[in-house]
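Undergrad:
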Amino acid sequence: TSGAVLPGSYIVRPGEYLDGEKIAQDMDSNGWPRSGRDRALRSLRKGFAYHIVGDQHLGHFVRYGVDEWDDAGHVFTVPSIANLWPRRWFPPEPGRNPQPHSPRNTGEYLDGFGNRMTVLAVANPTQVDFEPHELYQRAPGYGIVRLDRTTRKIVSEAWPRWVDPSVPDAAQYPGWPIEVSQMDGYDRPAVGYLPEVVVTGMMDPVVQIVDEETSAIVYTLRVLGNRFRPRVFVASGTYTVVVGEPGTDRLRTITGVTPTGDRAAALEVVFQ
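If you use the working numbering, the sequence shown corresponds to residues 251 to 522, in order.
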């Protein structure tokens, strides 16, 4: 169906749900081809990246899945400030494993291309009393992302265009604000752990784990503090651990590291 029909689509009343809808294949979502989408997500999660997306016509907050649901990071697509091509999300079935007290259009889904995604919040177009309707009934607004460098917490906010955030008790779109951790960016279950990295003489170093068999980077993370126990996803592997500040001479490389069940085992890294 041509996207030209979208601006004339029916706008629901507050609390109304459209039954009988189908999940579409929207090329604007960058979800096709699946192979390319999955390669991109595998790269993003190696950096524990939080994905912020500009106007895609429908404000939403989703957690990506590649091989399983929730094994990659989050994406916050901010509402459009003026939405000419509105989308909407009214899947015919409730999602699996939704969060408690969440709307029926949240939870685990396969999108129109078969990609795994966990929907946490959606700002669907809704009838409002503001004029002009062509602007205000298409869920216009903007997003604010607050990144706390001391805690690694990330808070996403989705504000309707007509709301002043400085007003006490100002309401965001339903489902927001949403808080996640930087560590959620790669929450794939571990099958083993390397000895704990304990750093002296540097706080918040970058730690990179490299699979020695394939030379592939497993992940890279600026850790919080000076201690970090790296998780790995191949228990029989041998790994290189790089610790320090990239681009300087304060960088140490430790080779031949293997997973261990000894929680007291440690890799001591000292910077003068």
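Heads up, the beta-carbon is just placed ideally off N, CA and C, and yes, glycines get one too.
Quick one: is S293 buried, meaning 16 or more other Cβ sit within 10 Å of its Cβ, or exposed?
TA: One-based indexing of the sequence shown puts residue 293 at position 43. Exposed, because fewer than 16 other Cβ atoms sit within 10 Å of the Cβ of S293.
Undergrad: On a Cα-Cα basis, can you pick out the residue from P329, R500, P344 that is closest to K272?
TA: Here residue 272 refers to the residue found at position 22 when the sequence shown is read from its first residue. For the residues P329, R500, P344, the minimum Cα distance to K272 belongs to P344.
Undergrad: For P382, does the count of other Cβ atoms within 10 angstroms reach 16, so buried, or fall short, so exposed?
TA: Here residue 382 refers to the residue found at position 132 of the sequence shown. P382 is exposed by the Cβ-count criterion.
Undergrad: For A515, which of P257, V369, P445 has the nearest alpha-carbon?
TA: On the sequence shown, position 265 is the one that residue 515 refers to. With distances taken between Cα atoms, A515 lies closest to P445.
Undergrad: Is the segment 338-358 in contact with the segment 262-269, if contact means three or more CB pairs nearer than 8 Å?
TA: At 8 Å Cβ cutoff, the stretches touch.
Undergrad: Which runs of the alpha helix (DSSP H) spanning at least 4 residues fall entirely within the segment 422-508, listed in chain order?
TA: Entirely contained in the segment 422-508, not one alpha helix (DSSP H) run reaches 4 residues.
Undergrad: Where do the ends of the alpha helix (DSSP H) carrying A516 lie?
TA: The residue given as residue 516 occupies position 266 in the sequence shown. A516 -> not in any alpha helix (DSSP H); beta strand (DSSP E) instead, spanning 516-520.
Undergrad: Is there contact here, the segment 425-436 with the segment 410-417, by at least three beta-carbon pairs under 8 Å?
TA: no
Undergrad: Who are the near neighbours of A485 in its chain, counting only those whose CB is closer than 8 Å to its CB and skipping five residues on each side?
TA: Taking the first residue of the sequence shown as position 1, residue 485 is located at position 235. Closer than 8 Å at Cβ, skipping near neighbours: V441, G442, P509.
Undergrad: Can you find at least 3 beta carbon pairs, one from the segment 358-370 and one from the segment 392-409, that sit closer than 8 Å?
TA: no
Undergrad: I need the boundaries of the beta strand (DSSP E) containing G391, first residue and last residue.
TA: Taking the first residue of the sequence shown as 1, we reach residue 391 at position 141. Where G391 is concerned, the enclosing beta strand (DSSP E) stretches over 391-397.
Undergrad: Excluding the 5 residues preceding and the 5 following D320 in the sequence, name in chain order all residues of the same chain whose CB lies nearer than 6 Å to its CB.
TA: As a first step, residue 320 is located in the sequence shown; it is residue number 70 there, counting from the start. Taken in chain order, the residues that qualify are R313, T368.
Undergrad: For T470 and V456, which I take to be in contact (beta-carbon distance under 8 Å), what is that distance rounded to the nearest angstrom?
TA: Numbered from its first residue, the sequence shown carries residue 470 at position 220. Numbered from its first residue, the sequence shown carries residue 456 at position 206. So it is a contact: roughly 7 Å between Cβ atoms.
Undergrad: Express the C-alpha separation of P375 and V255 in angstroms, rounding to a whole number.
TA: Locating residue 255 in the sequence shown gives position 5, where the first residue counts as 1. Locating residue 375 in the sequence shown gives position 125, where the first residue counts as 1. Looking at the two C-alpha atoms, the distance is approximately 15 Å.
Undergrad: So L523 and R402 are supposed to be a Cβ contact under 8 Å. How far apart are they, rounded?
TA: With the chain represented from 251 up to 522, any question about residue 523 goes unanswered, as that position is not in the structure.
Undergrad: Quick check on D434 - is its C-beta less than 8 Å from some C-beta in chain C?
TA: The question asks about chain C, but that chain is absent: this structure has only one protein chain.
Undergrad: According to DSSP, simplified to helix, strand and coil, what is R295?
TA: Along the sequence shown, one-based indexing puts residue 295 at 45. It is helical.
Undergrad: Figure out for me which residue from P439, T505, H310 has the closest Cα to the Cα of T356.
TA: By 1-based counting over the sequence shown, the position of residue 356 is 106. The shortest Cα separation from T356 among P439, T505, H310 belongs to H310.
Undergrad: Counting along the chain, where does the alpha helix (DSSP H) carrying L385 start and finish?
TA: Residue mapping note: residue 385 aligns to position 135 of the sequence shown, counting from 1. Where L385 is concerned, the enclosing alpha helix (DSSP H) stretches over 383-386.
Undergrad: Who pairs with M367 in a beta bridge, going by DSSP?
TA: In the sequence shown, the residue the question calls residue 367 occupies position 117. Answer is Y314, Y359, bridged to M367.
Undergrad: Checking the sheet assignment: what are the DSSP bridge partners for R287?
TA: Within the sequence shown, numbered from 1, the residue matching residue 287 stands at position 37. Among the bridge pairs identified by DSSP, R287 is matched with none.
Undergrad: Looking only at its own chain, which residues have a Cβ that is under 6 Å from the Cβ of V468, when we skip the five neighbours before and after it?
TA: The residue you call residue 468 lines up with position 218 of the sequence shown. Contacts found: I459, D461.
Undergrad: Out of W409, G364, D305, which one is the CA nearest neighbour of E318?
TA: As a position in the sequence shown, residue 318 is number 68, starting the count at 1. Here the closest residue by C-alpha is G364.
Undergrad: Exposed or buried, which one is G451 when buried takes at least 16 other CB atoms within 10 Å?
TA: By 1-based counting over the sequence shown, the position of residue 451 is 201. With fewer than 16 Cβ atoms within 10 Å of its Cβ, G451 is classed as exposed.
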